[in-house]
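**Q** Got a structure here, written out as structure tokens. Questions coming.
In this note's numbering, the protein residues as written are 143 to 242.
Below, the structure written as structure tokens:
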């Protein structure tokens, strides 16, 4: 099953240690139904990752404090980087497996 798990490394918290707790929120992005060699498939995957990132990191709606906005920004950036890293690893594995 082709999935990417979006996991936050920086939660809405004051310390990095508490951000890396085992109970950090996650969301699963499925893409087995997408053709990632097409622009349409890539765009759809980007939309799914964006939705999962918002689900994990929260929305900007209702935020008033700069520190809250910065925390959401940081969370989204780290979730995107981690999601891209995991997706790249999955795709490399599929290419290696297919070439055998």
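From the three backbone atoms N, C-alpha and C, an ideal C-beta is built for every residue, glycine too.
In whole angstroms, what separates the C-alpha of residue 223 from that of residue 176?
**A** Rounded to whole angstroms, the gap between the alpha carbons of residue 223 and residue 176 is 21 Å.
**Q** Could you tell me how far apart the beta carbons of residue 168 and residue 198 are, in whole angstroms, since I believe they sit closer than 8 Å?
**A** 7 Å
**Q** Report the residue from 171, 200, 166 whose alpha carbon sits nearest the alpha carbon of residue 187.
**A** 171
**Q** Would you decide whether residue 220 is buried or exposed? Buried here means 16 or more other CB atoms lie within 10 Å of its CB.
**A** buried
**Q** If you draw a straight line from the C-alpha of residue 178 to the C-alpha of residue 211, how long is it?
**A** 32 Å
**Q** Suppose the cutoff is 7 Å on Cβ atoms and the five residues either side in sequence are ignored; what does the same chain contact list for residue 184 look like?
**A** 178
**Q** Can you list, in chain order, the residues of its chain with a C-beta nearer than 6 Å to that of residue 191? Leave out the 5 residues immediately preceding and following it.
**A** 171, 225
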